[in-house]
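Novice: Those protein sequence lines, which keep their order, are chains A and B.
For the first sequence, position 164 matches number 163 in numbering that gives the first Met the number 0, and the numbering has no gaps at all.
For the second sequence, position 100 matches number 99 in numbering that gives the first Met the number 0, and the numbering has no gaps at all.
Each residue gets a CB set at the ideal place from its N, CA and C atoms; glycine is no exception.
Protein chains: 2
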Amino acid sequence: MNWHLPEADDTPAAVVAREAAVWRPLAEAARELVDLCVMSEVDEDEVRAAHTDLEAAVARLRKVRRARTLGQEHLTAGRRRPWGNPVIGLRNPLAPPVEVTSEPGGRVEAAFRCGAAYEGPPGLVHGGIVSLILDQLLGHSVGAAGRPGMTGTLTIVYRQGTPLGDLRAEAWIDREDGVKTWARAHMIGPDGVTAEAEGVFILPRHIREQIS
Amino acid sequence: MNWHLPEADDTPAAVVAREAAVWRPLAEAARELVDLCVMSEVDEDEVRAAHTDLEAAVARLRKVRRARTLGQEHLTAGRRRPWGNPVIGLRNPLAPPVEVTSEPGGRVEAAFRCGAAYEGPPGLVHGGIVSLILDQLLGHSVGAAGRPGMTGTLTIVYRQGTPLGDLRAEAWIDREDGVKTWARAHMIGPDGVTAEAEGVFILPRHIREQIS
């Protein structure tokens with residue numbers, strides 16, 4: 000369920016680059032913290048000391064809070080800036096982040112790493128994390144093809160476990176019919192395709208009016 | 000795709016309680032950090048200072064690393080201790096966490112809060128996060144019903160956007176046929192059901208042998 004809608008934005012590229020330079024290192028350190036929350040084995044005193052350091056960081060960041068979520072952040076020069084997105088967001092420590100490249104026809108490729116924090120069954124990526132990432136890629140595919148929308152139905156077929164570690168995924172447009180678009184995606188591990196996804200997307204009304 | 004398999008464990012409850020008391024506050028502070036990474040609006044100097052504090056915490060936790068992921072942690076007194084799980088894990092800052100209660104027949108209920116870090120479309124929970132949470136609940140349902148397994152197929156039908164904030168979800172067993180179990184789940188927002196899920200689970204071989 001991802002909107003890929005054009006919005007106006009006039010933020011200069013240099014300002015965006017500067018913001019990225021400020022927030023990216025924080026998010027990257029936060030990703031390492033997330034990993035260590037599940038993988039560290041230091042003793043109790045060290046955990047408590049780390050907690051104290053962490054509270055100091057939190058107290059600083061808590062001083063000023065955005066009025067709106069990043070989902071309502073503007074685009075820059077026609078490009079989306081989904082920094083808060085939980086799959087691809089530069090500022091979101093939940094995001095591995097997945098790096099996505101897409102072609103105008105809707106062909107999408109992504110490479111990323113899922114560490115211990117994404118684990119479901121022992122040693123394997125949680126099946127719901129697989130669906131999260133594939134849903135995101137399906138959204139990129141329909142967006143890149145100019146057929147944006149929210150996911151109507153998402154179907155995932157799990158073929159084999161997806162091992163933790165370096166992974167790839169790809170998505171493409173399967174077919175279109177009126178206001179509906181079917182996109183497909185694969186999660187790919189070292190032993191090939193681990194899960195197959197299909198998403199049905201419905202064109203939002205305002206896009207239909209632009210097309211018709 | 001969730002295993003719900005019995006494993007041996009002899010960790011005393013008091014040791015587990017003590018571990019929880021040590022790690023839970025760290026994970027809770029890390030959840031607030033995750034939220035602030037997308038919602039803080041402090042100035043550049045403050046972000047950099049927070050990053051320095053955060054690096055101090057990370058450096059402490061990095062000193063000793065577990066040999067195995069938490070997914071391979073033992074059970075305690077027959078109860079699973081999925082502290083690393085990205086949906087329900089006490090130690091995992093990716094997890095809201097979702098608190099799940101389940102009945103032996105497979106009826107499952109959950110209450111949780113999805114803040115800004117779970118955002119997809121502006122103001123709404125990412126559709127893939129919806130699928131992640133519902134997949135987890137489906138797994139609880141088949142586990143509680145004594146029909147555990149990995150998800151074979153997961154289907155999500157999105158009825159309306161799921162607003163960020165306090166949410167509920169429920170799951171139940173729909174039907175069984177031989178080695179297959181069909182479970183269903185709903186995501187529920189302030190305006191009712193936002194998404195419906197169905198999961199098909201296949202009993203693992205060693206469970207089939209116990210049952211037959």
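Just the chain B side, please: which residues come within less than 9 Å of residue 61 (chain A) by C-beta, in chain order?
Specialist: Here residue 61 (chain A) refers to the residue found at position 62 when the first sequence is read from its first residue. Residues of chain B passing the Cβ test: 31, 35, 39 and 41.
Novice: Which whole-angstrom value is the C-beta distance of residue 97 (chain B) and residue 111 (chain B), which I expect to be below 8 Å?
Specialist: One-based indexing of the second sequence puts residue 97 (chain B) at position 98. One-based indexing of the second sequence puts residue 111 (chain B) at position 112. About 4 Å; that satisfies the 8 Å criterion.
Novice: Any chance the segment 177–184 of chain A sits against the segment 9–28 of chain B, with 3 or more Cβ pairs inside 8 Å?
Specialist: no
Novice: Please classify residue 174 (chain B): does DSSP put it in a helix, a strand, or coil?
Specialist: On the second sequence, position 175 is the one that residue 174 (chain B) refers to. In the structure shown, residue 174 (chain B) sits in a strand (DSSP, three-state: E or B).
Novice: If contact is defined by three or more beta carbon pairs under 8 Å, each pair taking one atom from either stretch, is the segment 132–148 of chain B in contact with the segment 142–150 of chain A?
Specialist: With the cut-off at 8 Å, the segment 142–150 of chain A and the segment 132–148 of chain B do not touch.
Novice: Can you tell me the Cα-Cα spacing of residue 171 (chain A) and residue 106 (chain A), whole angstroms?
Specialist: The residue you call residue 171 (chain A) lines up with position 172 of the first sequence. The residue you call residue 106 (chain A) lines up with position 107 of the first sequence. Cα to Cα, residue 171 (chain A) sits roughly 5 Å from residue 106 (chain A).
Novice: Could you name the residues of chain A that residue 53 (chain B) contacts, counting a contact when the two beta carbons are closer than 8 Å?
Specialist: Indexing the second sequence from 1 puts residue 53 (chain B) at position 54. Here the neighbours are 25, 28, 29, 32, 52, 53 and 56.
Novice: Tell me the start and end of each unbroken beta strand (DSSP E) in the segment 143–194 of chain B that is at least 3 residues and wholly inside, in chain order.
Specialist: 149–157, 164–176 and 179–188
Novice: Ignoring anything shorter than 3 residues or poking outside the segment 27–62 of chain B, list the beta strand (DSSP E) runs there in chain order.
Specialist: none
Novice: Quick check: what's the CA-CA separation for residue 94 (chain A) versus residue 184 (chain A)?
Specialist: Walking along the first sequence from the start, residue 94 (chain A) turns up at place 95. Walking along the first sequence from the start, residue 184 (chain A) turns up at place 185. C-alpha separation (whole angstroms): 19 Å.
Novice: Please go through the same chain and pick out, in chain order, the residues whose beta-carbon is closer than 7 Å to the beta-carbon of residue 174 (chain B), but skip the five residues on each side of it.
Specialist: Residue 174 (chain B) sits at position 175 when you count from the first residue of the second sequence. So the list reads 181, once near-sequence residues are dropped.
Novice: What are the residues that DSSP puts in a beta bridge with residue 127 (chain A)?
Specialist: Here residue 127 (chain A) corresponds to residue number 128 of the first sequence, with the count starting at 1. Beta-bridge partners assigned by DSSP to residue 127 (chain A): none are found.
Novice: Do residue 45 (chain A) and residue 61 (chain B) have their C-beta atoms within less than 8 Å of each other?
Specialist: For the purposes of this step, residue 45 (chain A) is taken as the residue at position 46 of the first sequence. For the purposes of this step, residue 61 (chain B) is taken as the residue at position 62 of the second sequence. It is not a contact, given that the beta carbons lie outside the stated cut-off.
Novice: For residue 100 (chain A), list the residues DSSP reports as bridge partners.
Specialist: For the purposes of this step, residue 100 (chain A) is taken as residue 101 along the first sequence, with counting starting at 1. For residue 100 (chain A), DSSP records a beta bridge to A:108.
Novice: Hey, does residue 130 (chain A) have any beta-carbon neighbour from chain B nearer than 8 Å?
Specialist: Working through the first sequence from its first residue, we reach residue 130 (chain A) at position 131. Taking Cβ atoms only, chain B reaches closer than 8 Å to residue 130 (chain A), which makes this a yes.
Novice: What residues in the segment 150–179 of chain A have a beta carbon less than 9 Å from any beta carbon of chain B?
Specialist: Against chain B - using a Cβ distance shorter than 9 Å - the residues of the segment 150–179 of chain A are 150, 151, 152, 153, 154, 155, 156, 157, 160, 161 and 163.
Novice: Mark residue 80 (chain B) as exposed unless 16 or more other C-beta atoms lie within 10 angstroms of its C-beta, in which case mark it buried.
Specialist: Taking the first residue of the second sequence as position 1, residue 80 (chain B) is located at position 81. Buried is the call here.
Novice: From the DSSP output, read off the bridge partner residues of residue 199 (chain B).
Specialist: Taking the second sequence and counting its residues from 1, one reaches residue 199 (chain B) at position 200. Per DSSP, B:152 and B:181.
Novice: Just how far apart, CA to CA, sit residue 23 (chain B) and residue 169 (chain A)?
Specialist: Mapped onto the second sequence, residue 23 (chain B) falls at position 24. Mapped onto the first sequence, residue 169 (chain A) falls at position 170. For residue 23 (chain B) and residue 169 (chain A), the distance between alpha carbons rounds to 36 Å.
Novice: Quick one: Cα of residue 82 (chain B) to Cα of residue 115 (chain A), how far?
Specialist: Position 83 of the second sequence holds residue 82 (chain B). Position 116 of the first sequence holds residue 115 (chain A). In a straight line, the C-alpha of residue 82 (chain B) is about 11 Å away from that of residue 115 (chain A).
Novice: In the structure shown, what three-state DSSP assignment does residue 90 (chain B) receive?
Specialist: As a first step, residue 90 (chain B) must be located in the second sequence, where it is residue number 91. Residue state, collapsed to three classes: coil.
Novice: Distance cutoff 8 Å, beta carbons only. Does residue 126 (chain B) sit that close to anything in chain A?
Specialist: Position 127 of the second sequence, counted from the first residue, corresponds to residue 126 (chain B). At least one C-beta of chain A is nearer than 8 Å to the C-beta of residue 126 (chain B).
Novice: Under 8 Å between beta-carbons, which chain A residues line up against residue 86 (chain B)? List them in chain order, please.
Specialist: For this step, residue 86 (chain B) is matched to residue 87 along the second sequence. Within chain A, the residues placing a beta-carbon under 8 Å from that of residue 86 (chain B) are 125 and 127, ordered along the chain.
Novice: Spell out the partners DSSP gives residue 208 (chain A) in its beta bridges.
Specialist: Taking the first sequence and counting its residues from 1, one reaches residue 208 (chain A) at position 209. Residue 208 (chain A) is not bridged to any residue.
Novice: Starting from the C-beta of residue 127 (chain A), find all residues in its chain whose C-beta is less than 8 Å away, skip the five residues before and the five after it, and write them out in chain order.
Specialist: Residue mapping note: residue 127 (chain A) aligns to position 128 of the first sequence, counting from 1. Answer for residue 127 (chain A): 119, listed in chain order.
Novice: Consult DSSP for residue 17 (chain A) and reduce its assignment to one of helix, strand or coil.
Specialist: Residue numbering aside, residue 17 (chain A) sits at position 18 when the first sequence is read from its first letter. Helix.
Novice: Between residue 102 (chain A) and chain B, is any beta-carbon pair separated by less than 8 Å?
Specialist: For the purposes of this step, residue 102 (chain A) is identified with residue 103 of the first sequence, where counting begins at 1. It does not; no Cβ of chain B falls within 8 Å.
Novice: Can you give me the Cβ contacts of residue 154 (chain A) inside the same chain, cut-off strictly under 6 Å, excluding the 5 residues immediately before and after it?
Specialist: Here the question's residue 154 (chain A) lines up with position 155 in the first sequence. Closer than 6 Å at the Cβ level, and outside the excluded window around residue 154 (chain A), lie 197.
Novice: Spatial neighbours of residue 27 (chain B) within its chain, please: C-beta separation below 7 Å, excluding the five flanking residues on both sides.
Specialist: In the second sequence, the residue the question calls residue 27 (chain B) occupies position 28. No residues qualify anywhere along the chain.
Novice: Exposed or buried, which one is residue 204 (chain A) when buried takes at least 16 other CB atoms within 10 Å?
Specialist: Along the first sequence, read from residue 1 onward, the residue named residue 204 (chain A) stands at position 205. With fewer than 16 other Cβ atoms within 10 Å, it is exposed.
Novice: Please check if any C-beta of chain A sits within less than 8 Å of the C-beta of residue 98 (chain B).
Specialist: Counted from its first residue, the second sequence places residue 98 (chain B) at position 99. Not an interface residue.
Novice: Would you list the one or two residues that DSSP bridges to residue 65 (chain B)?
Specialist: Taking the second sequence and counting its residues from 1, one reaches residue 65 (chain B) at position 66. Per DSSP, none; premise fails for residue 65 (chain B).
Novice: Quick one: Cα of residue 68 (chain B) to Cα of residue 206 (chain A), how far?
Specialist: Within the second sequence, residue 68 (chain B) is the residue found at index 69, counting from 1. Within the first sequence, residue 206 (chain A) is the residue found at index 207, counting from 1. Here the alpha carbons of residue 206 (chain A) and residue 68 (chain B) stand approximately 46 Å from one another.
Novice: At a CB-CB cut-off below 8 Å, which residues of chain B make contact with residue 134 (chain A)?
Specialist: To locate residue 134 (chain A), count along the first sequence from 1; it is residue 135. Residues of chain B passing the Cβ test: 125, 126, 127 and 130.
Novice: Would you say residue 83 (chain B) faces chain A, with C-beta separation under 8 Å as the test?
Specialist: Numbered from 1 along the second sequence, position 84 holds the residue referred to as residue 83 (chain B). True, the Cβ-Cβ gap to chain A drops below 8 Å.
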